[in-house]
Amino acid sequence: MSLPSPHCSTEKISTPHRYFYCRGRISTDVGVNKRSFMRHGRSYLAAAGEMCSRLLRVDYTETLINDNGHPLAPTVYGHIKNSRVFIYRGTPIDAATLNYLFGNGYRMFNPSVMRFHSPFGAGGINCYVYAQGDPVNFSDPSGHTKKPVGKPLARATLGKIKIFMTGTGPFDDGPTLNINTHTAPGYLQLNDQTLIDAPTLIGMIEKKLGLPLKNTGIPTHIIGCDSATPVYNLFRPNNFPGPSIVKTFSDTTRGPSTGYLGEIHASYSAQDPFDFSIDVKNPFPADHPYHQRFSYQPLRIHPSIKPRSLDIRRGSTAR
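Under the working numbering, residues 30 to 348 are what the sequence shown spells out, in order.
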């Protein structure tokens, strides 16, 4: 593949680069030289080339801040001088062009001019500004839309609901907001006397915890029984099922949301209620009353496509 130079000329690169990905992140690139990266979760820890290896340290935005003991000071758009081993927002710099290939190569970002190269037609500078001009609070790992990169909420509680961030989710979606409580189809347990629906909890998280969710694209993980089960009741028209908890979260955040069908079982730490694991295999003996009720069926939901109506008189499309 021939890539444009960092100065946007028509110069072609004689040696093509080949990129190999592991779980959506570059693990090896082969060109004039070869580089391999070691990761823990989604964070890069080390890089190895043909001549030497180096230890890497990234911050909470997954941007490299220390290279083999040497502190680095890039611009907020990821521009840094004289470095062919740099990582910005979880994406290693392309050694040939000194640009970043976001979206697994879908769109090239030029940190010098703070713009994307268009992936369409002949290429060139695209009018789309990286993270809509706010690279401090947002990133754009896909090349399609911005996502928040603010320092994540560590952990919090709302009644009996535990809310915390992890570096990834069950389907490796990146930094994920986890919500853990007893749940039933369409409802979550706030306390011993109160059940709330998903829109109510979303409003509480935004207002009481100050964590924006709407249209942020943040992945969510609802840890509770039947959190992915639609709502069935006699009061709905034609008994049509209502949205599950994860469906409501996904449509609100515009990001993926993972929940569970049926009853799950989790093992908790006595020292830390936030430290737990979900049992993948049935932990109950065959004669135990919970043996038949156990289920492990994770389900990841993506946001619905918003319908668009055509204004015939104006010949335009309205969302």
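Beta carbons are placed, not taken as given, at the ideal position from N, Cα and C, and that holds for glycine.
Once DSSP output is grouped into helix, strand and coil, what is the label at Phe193? Working through the sequence shown from its first residue, we reach residue 193 at position 164. Phe193 falls in the strand class under three-state DSSP.
Closest by CA to His173, which one among Gly246, Thr197, Asn128, Gln326? For this step, residue 173 is matched to residue 144 along the sequence shown. Here the closest residue by C-alpha is Gly246.
Would you call the stretch 110-121 in contact with the stretch 129-142, where contact means no fewer than 3 C-beta pairs closer than 8 Å? yes
Less than 7 Å separating the beta-carbons of Pro177 and Phe167? Here residue 177 refers to the residue found at position 148 of the sequence shown. Here residue 167 refers to the residue found at position 138 of the sequence shown. Going by C-beta atoms, Pro177 is nearer than 7 Å to Phe167.
Note down the Cα distance separating Cys51 from Asn111, rounded to an integer number of angstroms. Here residue 51 refers to the residue found at position 22 of the sequence shown. Here residue 111 refers to the residue found at position 82 of the sequence shown. Rounded to the nearest angstrom, the two C-alpha atoms are 27 Å apart.
Using only the alpha-carbon positions, how far apart do Val87 and Arg68 sit? By 1-based counting over the sequence shown, the position of residue 87 is 58. By 1-based counting over the sequence shown, the position of residue 68 is 39. Each residue's Cα considered, the two are about 11 Å apart.
Work out the CA separation of Arg283 and Ile330 for me, nearest whole Å. As a first step, residue 330 must be located in the sequence shown, where it is residue number 301. As a first step, residue 283 must be located in the sequence shown, where it is residue number 254. Between Ile330 and Arg283, the C-alpha separation is close to 10 Å.
Opposing strand residues paired with Ala125 [DSSP bridges]: By one-based count along the sequence shown, residue 125 stands at place 96. In the DSSP output, where bridge partners are listed per residue, Ala125 has none listed.
Compute the Euclidean distance between the alpha carbons of Asp316 and Thr210, then round it to the nearest angstrom. As a working mapping, residue 316 is identified with position 287 in the sequence shown. As a working mapping, residue 210 is identified with position 181 in the sequence shown. Near 27 Å, if we compare the C-alpha coordinates of Thr210 and Asp316.
Using a 10 Å radius around the Cβ and a threshold of 16 neighbouring Cβ atoms, would you call Phe278 buried or exposed? Residue mapping note: residue 278 aligns to position 249 of the sequence shown, counting from 1. Label assigned to Phe278: buried.
Please name the residue in Asn97, Pro170, Val61 whose C-alpha comes closest to that of Ala76. Counted from its first residue, the sequence shown places residue 76 at position 47. With distances taken between Cα atoms, Ala76 lies closest to Asn97.
Assuming Gly215 and Ile274 form a contact by the criterion Cβ under 8 Å, report the distance between their Cβ atoms to the nearest whole angstrom. Counting from 1 along the sequence shown, the entry for residue 215 is found at position 186. Counting from 1 along the sequence shown, the entry for residue 274 is found at position 245. That pair is a contact at about 6 Å.
Does Tyr325 come out as helix, strand or coil in the three-state DSSP assignment? If you number the sequence shown from 1, residue 325 lands on position 296. Three-state DSSP puts Tyr325 in coil, outside helix and strand.
Based on DSSP bridge pairs, tell me the residues matched to Ser296. Against the sequence shown, residue 296 aligns to sequence position 267. According to DSSP, Ser296 bridges with Ser306.
Can you tell me where the alpha helix (DSSP H) with Thr277 in it begins and where it stops? Translated into positions along the sequence shown, residue 277 becomes position 248. Run containing Thr277: 274-282, per the alpha helix (DSSP H) assignment.
In the DSSP output, what is Asn207 paired with across the bridge? For the purposes of this step, residue 207 is taken as the residue at position 178 of the sequence shown. When beta bridges are read from the DSSP output, Asn207 appears opposite Phe193, His250.
Can you grab the Cα-Cα spacing for the pair Asp301 / Gly232, in whole Å? Position 272 of the sequence shown, counted from the first residue, corresponds to residue 301. Position 203 of the sequence shown, counted from the first residue, corresponds to residue 232. Roughly 27 Å between the two C-alpha positions.
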